[in-house]
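Protein chains in written order, with this note's numbering: chain U, 909 to 1260; chain S, 5 to 339.
For every residue, glycine included, the Cβ atom is placed at its ideal position computed from N, Cα and C.
Owing to the predicted nature of the structure, the values given are computational and were not obtained by experimental measurement.
As structure tokens, the structure follows; a few thoughts come after it.
Structure follows, in structure tokens:
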């Protein structure tokens, strides 16, 4: 395990399996009822994920990307939070109609989730082997011993060195990268159809991040899992997502294939975000020190007190009177490219 | 360019105490002999993964931590052994910006008092002059002057970082050490702060030591970059050369691991390192990187490579240079 691998890029061949829709979220509204007022954390979000596909969901803190995911698993704490509208269809069934018992059947089995901080999502009092075995025993009805064997196999599959020994380790005895591998082993142990990864590599160093993302791709190729990859890192999205949803202040403002989104962003927010991140390739070759990053002026509005009209208008260089009055509808401007902006044509045309 | 700061073989080890009598049972070799300089008006980026010692290096050279060994010189004056009083004039010239804009501001002081405190400590100006200076600093970092009376909790993360920057500027320093100053911020706010730091550098001809884990951010703001791994600098040169022709296998792996926000970047070849960074308590003998290095030779396991100038202005510590290896080692896909 001490050797680094030189990884060849994957071939661009399309996958052989026909893609079918695994998850379909429509007009989801998840609100939090607080003493300070109603916080519309998710306000009418729709997206679909197909089998074998990675959907990137990007946005800054508080944009609702994580709450959307928690709503899918029905893990939003109630009170204060509640799904007040919309549907979440998983393979045709609306998850919002299921009983809690039925939901437990699905969680960790058909739909799994990986969280940002593996230390807080693992039980510190149980060995990692037992934690993985627990999920397997529960969902597959295996005996403890068989489940443990399976757990060991899972640890091997996520490339943990010496799985026999590591299975008996407690979470604190493992490094951050190793813990995230354990989380992934647990998440994919029942071959889920959908894996929701919420900032899975944000807490990790960049060389470890590369390992974990590589592992997720590998598992997706073998299992055909649909992945929702939630992140704030545009680089991670560019290198891992097939399609991308951009969220701002509780709504989807843009959706497109990864290529289309990075090459022709159509929402001023997306465009601004892309301009505001330093790119290691570009940054290395800027010789004048005066190259400024594009700023998005101001800051994200409070969800409890959103501006009228388009929520991005106060920060937007394209904003007109119309933007300050009415929220723009999400419309398809190019095949598969959806944008919620009154001035999308102008943004796409590059006339800023 | 005049040389502002020189650091020579700087070491900072932390003893580990165990047992009833706090016996010293080991050392954390956080910074283990690093040398570099910073010129006036220049930005040196210090990049590396968690635990590589980059933050400790920043703190030690400001003498917020006592160095274990080595020399720190400011404009040629050796400050390594100065006591608190002796350091006072140097503290005015060297300031720090911290990562966490929530933890680094006293919640019980108003923003104006926080920014003005260095002036009070160094007994600069009459109260009226201090107030004017604070108002000027607020304006300069993009905060409305009426916010001097507000308390830290009333500010957003980006605004708090502006307060931290204003505080660092209060004494008109020559060197600012930024310890991950933008890491806790959302990307759109991060760009605002990076731009502000670059504007201030132009205006006041500041020197920066910019400590961060994000290579893209470091390259954007820096002139030269030093890459650290387990307490040592493994490579140091100007950012363009570092990116185009890295002369250390770790730099190469680090560059290829950074995700690039551009479609098509996923198709490049890359080096994916296996394993984790070893513990700085018990670093591997020889070259610290040999446990993860795809090119490690027998010699690397016991002999420490020295940081030497492989090309003019391009420093690297790797035995492969003696072995006649050609860099870049991996044929990484680039445009």
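| query | result |
| --- | --- |
| Residue 199(S): contacting residues in chain U (beta-carbon distance under 7 Å) | 1200, 1201 and 1203 |
| Buried or exposed by the 16-neighbour rule on C-beta atoms within 10 Å, applied to residue 928(U) | exposed |
| C-alpha gap between residue 941(U) and residue 255(S), whole angstroms | 49 Å |
| Under 9 Å (Cβ pairs) to chain U, residues found in the segment 261-275 of chain S | 261, 262, 263, 264, 265, 266, 267, 268, 269, 270, 271, 272, 273, 274 and 275 |
| Whole-Å CB distance - residue 215(S) paired with residue 1186(U), under 8 Å assumed | Not really, about 16 Å apart at Cβ, beyond 8 Å. |
| Own chain partners of residue 921(U) with C-beta closer than 7 Å, once the 5 adjacent residues on each side are dropped | Confidence in residue 921(U) is poor, its pLDDT being 44 and thus under 50, which makes the residue's placement unreliable; the coordinate value appears in the next sentence. Within the same chain, residue 921(U) has no close Cβ partners at all. |
| Identity of the residue in 79(S), 112(S) and 249(S) nearest residue 44(S) by Cα | 79(S) |
| Minimum C-alpha distance to residue 1235(U) - residue among 1244(U), 1248(U) and 1118(U) | 1248(U) |
| Euclidean distance between Cα positions of residue 1219(U) and residue 47(S) | 38 Å |
| Spatially closest choice to residue 238(S) from 186(S), 53(S) and 111(S), by CA coordinates | 53(S) |
| Neighbour-count burial assignment, residue 1069(U), 16 or more Cβ in a 10 Å radius | exposed |
| Cβ-based neighbour list, residue 209(S), same chain, cut-off 6 Å, excluding 5 preceding and 5 following | 45 |
| Closest by C-alpha distance to residue 266(S), when choosing among 1150(U), 1159(U), 1207(U) and 1200(U) | 1150(U) |
| C-beta contact flag for residue 49(S) and residue 183(S) at 8 Å | no |
| Cβ neighbour criterion (16 or more within 10 Å) applied to residue 82(S) | exposed |
| Buried/exposed call for residue 124(S), threshold 16 Cβ in 10 Å | exposed |
| Minimum C-alpha distance to residue 305(S) - residue among 140(S), 296(S) and 149(S) | 296(S) |
| CB-CB length for residue 169(S) against residue 138(S), believed under 8 Å | That pair is no contact at about 13 Å. |
| Any C-beta of chain U under 8 Å from that of residue 70(S) | no |
| C-beta contact flag for residue 15(S) and residue 35(S) at 8 Å | yes |
| Residue 83(S) - containing alpha helix (DSSP H), residue span | It is not in any alpha helix (DSSP H) - residue 83(S) carries neither H nor E in the DSSP assignment. |
| Proximity test, Cβ basis, 8 Å: residue 290(S) and chain U | no |
| C-beta neighbour in chain S for residue 1170(U), strict 8 Å | yes |
| Whole-number beta carbon distance between residue 1192(U) and residue 1166(U), since they are thought to touch under 8 Å | In fact, because the Cβ distance is near 23 Å, the residues do not count as touching under 8 Å. |
| Bridge-paired residues (DSSP) for residue 321(S) | Residue 321(S) pairs with nothing; no bridge assigned. |
| Test item: CB-CB of residue 198(S) and residue 162(S) under 8 Å | no |
| Cα-Cα separation between residue 230(S) and residue 1202(U), rounded to whole angstroms | 26 Å |
| Beta carbon proximity, residue 1252(U) to chain B, threshold 8 Å | Of the protein chains in the structure, U and S, none is chain B. |
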